[in-house]
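Peer 1:
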Amino acid sequence: MVNMAVQIGGLPLANPVMPASGTFGPELAQVFDLNRLGALVTKSVTPQYREGNPLPRLCETEAGVLNSIGIPGKGLDHFCVHAMAEWRRFAPPLVVSLSADSVAAFAEAAARLAGTPGVAAIEANISCPNLEEDGRAFAMHPHSAAAAIAAMRAACTLPLWAKLSPNTADIAAVARAVEEAGADAVVVANTILGLAIDIERMAPKLGAGMGGFSGPAFKPIALRLVWQCAQAVRIPVIGVGGIASAEDAVEFLMAGASAVQVGTASFVSPNAMLNVLDGLQAFCARRGFARVSDLTGLALPGRMRPAAE
Amino acid sequence: MVNMAVQIGGLPLANPVMPASGTFGPELAQVFDLNRLGALVTKSVTPQYREGNPLPRLCETEAGVLNSIGIPGKGLDHFCVHAMAEWRRFAPPLVVSLSADSVAAFAEAAARLAGTPGVAAIEANISCPNLEEDGRAFAMHPHSAAAAIAAMRAACTLPLWAKLSPNTADIAAVARAVEEAGADAVVVANTILGLAIDIERMAPKLGAGMGGFSGPAFKPIALRLVWQCAQAVRIPVIGVGGIASAEDAVEFLMAGASAVQVGTASFVSPNAMLNVLDGLQAFCARRGFARVSDLTGLALPGRMRPAAE
Amino acid sequence: MHPVVEATARVVDSAPVGRRYHRLLLDAPELSAASRPGQFFHLLCRDGAGNGPYLRRPMSIWRCGPGRQLGFLLHVKGRGTAALAALRVGERLSLLGPLGQGFRLEPGWRRILIVVRGVGLATLAPLTEAAAAQGIAVQAVLSAQAPEDLMAAEFAGDSGAAITSVFDSDGSSAVPAVEAFLRARFEGADRPDAVFTCGSNRLFLLLQRLAAEYGIPGQIALEQQMGCGLGMCFCCVRQIRAPDGTVQNLRVCAEGPVFDLQAALAW
Amino acid sequence: MHPVVEATARVVDSAPVGRRYHRLLLDAPELSAASRPGQFFHLLCRDGAGNGPYLRRPMSIWRCGPGRQLGFLLHVKGRGTAALAALRVGERLSLLGPLGQGFRLEPGWRRILIVVRGVGLATLAPLTEAAAAQGIAVQAVLSAQAPEDLMAAEFAGDSGAAITSVFDSDGSSAVPAVEAFLRARFEGADRPDAVFTCGSNRLFLLLQRLAAEYGIPGQIALEQQMGCGLGMCFCCVRQIRAPDGTVQNLRVCAEGPVFDLQAALAW
Ligand SMILES: Cc1cc2nc3c(=O)[nH]c(=O)nc-3n(C[C@H](O)[C@H](O)[C@H](O)COP(=O)(O)OP(=O)(O)OC[C@H]3O[C@@H](n4cnc5c(N)ncnc54)[C@H](O)[C@@H]3O)c2cc1C
Ligand SMILES: Cc1cc2nc3c(=O)[nH]c(=O)nc-3n(C[C@H](O)[C@H](O)[C@H](O)COP(=O)(O)OP(=O)(O)OC[C@H]3O[C@@H](n4cnc5c(N)ncnc54)[C@H](O)[C@@H]3O)c2cc1C
Ligand SMILES: Cc1cc2nc3c(=O)[nH]c(=O)nc-3n(C[C@H](O)[C@H](O)[C@H](O)COP(=O)(O)O)c2cc1C
Ligand SMILES: Cc1cc2nc3c(=O)[nH]c(=O)nc-3n(C[C@H](O)[C@H](O)[C@H](O)COP(=O)(O)O)c2cc1C
Ligand code: FES
Ligand code: FES
């Protein structure tokens, strides 16, 4: 029997497979038993109501998609009262993805979530625009990323995961900055900016113009980002980007991730997470690994990364 | 009849289709008549002999490849004497891709190329490591990119194209910097850093570890970079990244490019450039565009970009 | 056990219908039995050569029921539907469903009226049979470009629905003509207990206006581009009027595709 | 007009050979006539379901010549070769070639000796026929795990080559045994004018050593992972000794795949 448990910054998970924010909801319980997952991750919650972006909000590319959904939602109050009631029906730890447009708003919302029973951890989606820095994403620069994380760290004691963005020159520097600011883990990575044009209409395919690129086509980039971060920080790295199979997940673990998230692949195959989980276990069994956590970092230069905690 | 001619910073091309550096050589004349191309672009030439990187140097991904060839070559002297003799057999303007590891080396090599008959333009591959900045690529930051271009500009009067890198936080800023430094065009973009892991060997698939990611999977990112640069500068943008069909090329032109380069697609279909060229002409004819240059920028916000020159 | 299933099924019939449509029948007895009129499946569109787009495509259930093959009727529009139409008998298709909220037939209704155009008839076809099974009489207005495009048999199956055909080619499908026809029905002895529509913005607006005027409840099936098909991605929203008059974005895949006729907005 | 062609060809035969190999024959008369032993084609590996890896795969010409079908003999190793082996008669395959430098047969040679193991025999098979056509006698040592793996017919075709088989199963393929056999040939009346090899590092090193000792010229066909197959990407290099003793990286696709036996380095 393979031991599938992992620890992410003090939070024990039954296994390392979880959904990526914004590509998952309780609706998936119509397809399989969500209690099989290592954790549940909500779509990003914002302090206030948001309408979302103009349509089309999604378009497909070669082996991937572009999205510009715009984080529609009813706001934090509604989330803490109504959505949480639904989420509490499930057993795995609930990770609430949080997005805000200022450092203070991040801190205030983190405090509120910390006071809400059933929240196991916060995933700070710092890839969103920072109104105090001209709309540049927090995660674009080490200082703004660290500011957001430090404020949340001061406001709550929940495990705090920082979700990083590929749209930066030096993701290792950002990872180090959020580690120092008190993040318990980094989630690597959010979507990378992309574009598709409808040549008949002569306009971008997405209503909002550019969008976030994800899916299998994005995998080599996300894997590289994980590899860079795993060599830069000591906190666990959670790998996300293009994972559609157990083999993909093994690549991320060997590149230094301690757990993985599956996003876009669930749109094509809603059972993708289960297949990843079963396949991971089979891989470990075949290759004689007693614990899935033994895979973490195996392909790093000098196998520098110890198994997560 | 569609007028296929374009102007790139004063250099007239019979059509906007050319190869991407490092994916092309006179060997392709075994497959089709290279005189049909708008320009020829050499693999990057370096001042000195280079051995190249350890093998494997190439691996495939979902709809793309990773490469870490390492710019092997016999150096500039050999290039100017022997390789040029072969290149002069062809009619299209010859663009020499130049790579160097210091500002001074770039300038010196540019002067040497300017004195070599048959060189129509220099494409400065500033995505390579800058030894004076700790190995960070010149194109990663506006100041180092501008320094290299300014030095080349001072050293020669040849048309000078700056090839930008996706591995930067703000490509528009880099594009503006090289425009100010005297570049006649920007080539957008070089490969983006990626990684693939062989899970059986538990090591990166490429001998060098990380590599440059290219091919159809990379297209949405390259197209977004072109779109951002076209809105940032007035010099022409040459689009490159994942172009495999005429429709892809039309997307790049509508995103603001004045010409396109085809790289990885030629490995799968050596006739890819001809197919792009014929298909571009057919698209213009079907949609009633008299000149291919009329497509440039059609999908930009407010159709802000005039047709190239 | 789980109400939505990701499965593969064998194609048992794949053939063109009329000038523009294509029929696909699948051997999927359990999914067919579990399906309700108005629901849809999310289909992975790979042709026999493995070519097709990355995302699934939503397709209304056209034929379903215990002991029946599961059927779809599609209009070839782009890459996805072209790949579906290229499937051959014996090949396999991955499908996810049944999904969404279907049509509601209330006990006590004796008569319904359906107005459809284009491929909307695929969506409403199974309702005719469900109504017939509950003893509800169905009257339908089928609008098409020309008689060759009608597909009345594809619509009504064995339901015995009374069909009135209107065409662009002879002007009978013009809004005033259809309006006159509908008013006569709504004012007559055979006034329907509910109306249903799908497939045409023009006919939807007409039906919405008249149904409001005559106080007849109605339902409409809407379409929207989809990602997950399950309610997770929020890319398939449409503006829907709430009872309090405010407008909100609802997901066609989860709250729909069937909405209250008066709540829907024109598109 | 252009020596290298990107074309598609119909599969006319696709069948397993022995325990591990697969045979593909294509209807490509012009390409077949233009091909020379030792050259290769770069194949797009898509199975009938359109699945396969992004890049092409290099494959030696196993059968070629005017009026003959173009043939490949492949060992299923990974995704690419699996897709090729899944092709059925009537399906089409995209191929690029003929590529690379083939074997050289010098006028005046009367006898050559070939040492092969594994799928290397596909590469050397057409040389037996080319030699026979020039009146050059061929002697060959075929090394295999066991008699079932031999494929002597696949190797020699109608060439009349004299074959000596050696096996791991009975120890006859051990290096000392093969060395004794070769020394006997090199010292005897039937001393070959040239030697050729492909497919085994161990046999290559043996042949290189003995050929140098006896002063017999030789050629070897090398393999290396490829991108473009045309000489443009420099991913397929191997270290090759230059006449002045220095070692340089040459492209297997362009300067090779056939190299001078003494210039090649072990891998
Ligand atoms: C609930 C529902 C039921 C449907 N039932 C049927 C049916 O029974 N028969 C039928 O022929 N068609 C039906 N459609 C429409 C069908 O889904 C589209 O025609 C199809 O997705 C087009 O895909 P394509 O790749 O061929 O076209 P493309 O135009 O290449 O598609 C591009 C993108 O736009 C989306 N798209 C394009 N048109 C539509 C549309 N009308 N609705 C939703 N998304 C669209 C595609 O899904 C894809 O994401 C239904 C749509 C919905 C939402
Ligand atoms: C000039 C030449 C001629 C060849 N002739 C034959 C032949 O006649 N019959 C035959 O069975 N095989 C031959 N090979 C080897 C054949 O190309 C590989 O077995 C094949 O590419 C493996 O692809 P795959 O996807 O099945 O395996 P994978 O292992 O999945 O391939 C992964 C990558 O490694 C490369 N690769 C793996 N093994 C080799 C290899 N031995 N040589 C080159 N690249 C490799 C693949 O091309 C691919 O890029 C030849 C190779 C070369 C270079
Ligand atoms: C439709 C869609 C919506 C997303 N919404 C969010 C979000 O709300 N918050 C967030 O942090 N990431 C969001 N993401 C990014 C994913 O969580 C994930 O980081 C990214 O898609 C890469 O993983 P994948 O390739 O497995 O999808 C979204 C992605 C998609 C495709
Ligand atoms: C094998 C390979 C070698 C390359 N070598 C160079 C090079 O020497 N100089 C350079 O500027 N770009 C080089 N590139 C990058 C290409 O020119 C191009 O910018 C990139 O591949 C994106 O285009 P594509 O997706 O069409 O290949 C190379 C790319 C590949 C795949
Ligand atoms: S398609 Fe994803 S929410 Fe409707
Ligand atoms: S395969 Fe590209 S140079 Fe040999």
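Chains as they are written, first to last, in this note's numbering: chain V, 816 to 1124; chain X, 816 to 1124; chain E, 242 to 508; chain C, 242 to 508. Glycine is no exception: its CB is placed at the ideal position from the N, C-alpha and C atoms.
1) For His243(C), does the count of other Cβ atoms within 10 angstroms reach 16, so buried, or fall short, so exposed?
2) Gln986(V) and Leu979(V) look like a contact to me (Cβ under 8 angstroms); what is the Cβ gap, rounded to whole Å?
3) So, with DSSP's three-state summary, where would you put Glu1124(V)?
4) With a CB to CB cut of under 6 angstroms and the five nearest residues on each side skipped, what residues in its chain are close to Cys1099(V)?
5) Name the chain V residues whose beta carbon is nearer than 7 angstroms to that of Lys889(X)?
6) Between Glu271(C), Pro484(C), Pro299(C), which lies nearest to Val493(C) when the distance is taken from Cα to Cα?
7) Find the nearest neighbour of Pro348(E) within the set Gly456(E), Cys439(E), Ala435(E), Leu451(E), judged by alpha-carbon distance.
8) Can you tell me where the alpha helix (DSSP H) with His958(X) in it begins and where it stops?
9) Against chain E, which members of the segment 909-939 of chain V pass a CB distance test of less than 8 angstroms?
10) Does the segment 260-276 of chain E come close enough to the segment 303-321 of chain E that 3 or more CB-CB pairs lie under 8 angstroms?
11) In the segment 392-451 of chain E, which residue ranges form an unbroken beta strand (DSSP E) of at least 3 residues, counting only runs that do not cross its ends?
12) So, at 6 angstroms on beta carbons, what are the nonlocal neighbours of Leu312(C) in its own chain, with the 5 sequence-adjacent residues on each side left out?
13) Using the Cα positions of Trp1042(X) and Ile1014(V), report the straight-line distance between them to the nearest angstrom.
14) Taking contact to mean at least 3 C-beta pairs separated by less than 8 angstroms, is the segment 918-932 of chain V in contact with the segment 1059-1077 of chain V?
15) Between which two residues does the beta strand (DSSP E) carrying Leu315(C) extend?
16) To the nearest angstrom, how far is the alpha carbon of Cys1044(V) from that of Trp902(V)?
17) Using a Cβ cut-off of 7 angstroms, pull out every chain X residue sitting near Thr983(V), in sequence order please.
18) For Thr838(X), return the contacting residues in chain C, with the cut-off set at a CB-CB distance below 9 angstroms.
19) Check whether the Cβ of Arg297(C) lies closer than 8 angstroms to any Cβ atom in chain X.
20) State the Cα-Cα distance for the pair Pro388(E) and Leu873(V), rounded to the nearest angstrom.
21) Counting contacts by CB-CB distance shorter than 8 angstroms, is Ala1123(X) in contact with chain V?
22) Chain V beta carbons: is any one of them nearer than 8 angstroms to that of Phe1028(X)?
23) What does the alpha-carbon distance come out to for the pair Ala326(E) and Arg264(E)?
24) I need the straight-line Cα distance from Leu852(V) to Asn830(V), nearest angstrom please.
25) In whole angstroms, what is the alpha-carbon distance linking Gly1056(X) and His958(X)?
26) Below 8 angstroms on the Cβ atoms is my guess for Gly1078(X) versus Phe1067(X); work out the distance and round it to an integer in Å.
27) In terms of residues, what are the limits of the beta strand (DSSP E) holding Cys474(C)?
28) Using a Cβ-Cβ cutoff of 9 angstroms, what residues of the segment 266-277 of chain C are near chain X? List them in chain order.
29) Applying a beta-carbon distance threshold of less than 9 angstroms, which residues of chain X neighbour Leu325(C)?
30) Short of 6 angstroms in beta carbon distance, which residues of its chain neighbour Ser1081(X), apart from the five on each side in sequence? Order them along the chain.
31) Just to check my reading of the structure: Ala939(V) and Leu913(V) have Cβ atoms closer than 8 angstroms, yes? What is that Cβ distance to the nearest angstrom?
32) Return helix, strand or coil for Asp985(X), following the three-state DSSP convention.
33) In three-state DSSP terms, what is Phe1028(V)?
34) If we ignore side chains and look at the alpha-carbon of each, how far apart do Ala835(X) and Ile884(X) end up?
35) On a Cα-Cα basis, can you pick out the residue from Ser441(E), Ser384(E), Phe396(E), Ile404(E) that is closest to Ser414(E)?
36) Return yes when the Cβ of Ile1058(X) is within less than 8 angstroms of the Cβ of Ile1036(X), no when it is not.
Peer 2: Checking against the coordinates, here is how it stands:
1) Residue burial annotation: His243(C) is exposed, with fewer than 16 other C-beta atoms found within 10 angstroms of its C-beta.
2) In the sequence as displayed, the identity of residue 986(V) is Ile instead of Gln. Right, the Cβ-Cβ distance comes to about 6 angstroms (below 8 angstroms), so this counts as a contact.
3) Any reading at Glu1124(V) is ruled out, since the residue's pLDDT is 41, under 50, leaving its predicted position unreliable.
4) Taken in chain order, the residues that qualify are Val817, Val1107.
5) At a beta-carbon threshold of 7 angstroms, none of the residues of chain V lie near Lys889(X); the nearest stands roughly 31 angstroms away.
6) When each option's Cα is compared against that of Val493(C), the closest is Pro299(C).
7) Among Gly456(E), Cys439(E), Ala435(E), Leu451(E), the Cα nearest to that of Pro348(E) belongs to Ala435(E).
8) In the DSSP assignment, His958(X) falls within the unbroken alpha helix (DSSP H) covering 957-970.
9) For chain E, none of the residues of the segment 909-939 of chain V brings a beta carbon within less than 8 angstroms of one of its beta carbons.
10) These segments touch.
11) Those beta strand (DSSP E) runs which fall completely within the segment 392-451 of chain E and span 3+ residues are 403-408, 435-439.
12) One detail in the question is off: residue 312(C) reads as Gly in this sequence, not Leu. For Gly312(C), where only same-chain residues beyond five positions count, the Cβ hits under 6 angstroms are Leu266, Trp303, Arg304.
13) Distance between the alpha carbons of Trp1042(X) and Ile1014(V) is about 14 angstroms.
14) Segments in contact, no.
15) Looking at the DSSP string, the run of the beta strand (DSSP E) that includes Leu315(C) is 311-316.
16) Those two C-alpha atoms are separated by around 31 angstroms.
17) Contact of Thr983(V) with chain X by beta-carbon distance below 7 angstroms involves Ala984.
18) Within chain C, Gly468, Cys469, Met473, Cys474 have C-beta atoms less than 9 angstroms from the C-beta of Thr838(X), given in sequence order.
19) Closer than 8 angstroms: yes.
20) CA-to-CA, the gap between Pro388(E) and Leu873(V) works out to about 37 angstroms.
21) Its pLDDT being 42, under 50, Ala1123(X) is placed unreliably in this model, and the value from its coordinates should be taken loosely. Chain V, which has no Cβ nearer than 8 angstroms to the Cβ of Ala1123(X), makes this no.
22) Between Phe1028(X) and chain V, the shortest Cβ-Cβ separation is below 8 angstroms.
23) Going by the C-alpha atoms only, they are around 8 angstroms apart.
24) Whole-angstrom Cα-Cα distance: 7 angstroms.
25) Roughly 24 angstroms separates the two Cα atoms.
26) At roughly 13 angstroms, the Cβ-Cβ gap does not stay under 8 angstroms, so Gly1078(X) and Phe1067(X) are not in contact.
27) Neither: Cys474(C) is in no beta strand (DSSP E) and is coded neither H nor E.
28) Those would be none; no residue qualifies.
29) Result: empty, since nearest Cβ-Cβ is about 16 angstroms, beyond 9 angstroms.
30) So the qualifying residues of the chain are Thr838, Ala1087.
31) Contact holds; Cβ gap of about 6 angstroms.
32) Three-state result, Asp985(X): coil.
33) Secondary structure of Phe1028(V) (DSSP, three-state): strand.
34) Rounded to whole angstroms, Ala835(X) to Ile884(X) spans 15 angstroms at the Cα level.
35) Measuring from the Cα of Ser414(E), the nearest candidate turns out to be Ser384(E).
36) It is not a contact, given that the beta carbons lie outside the stated cut-off.
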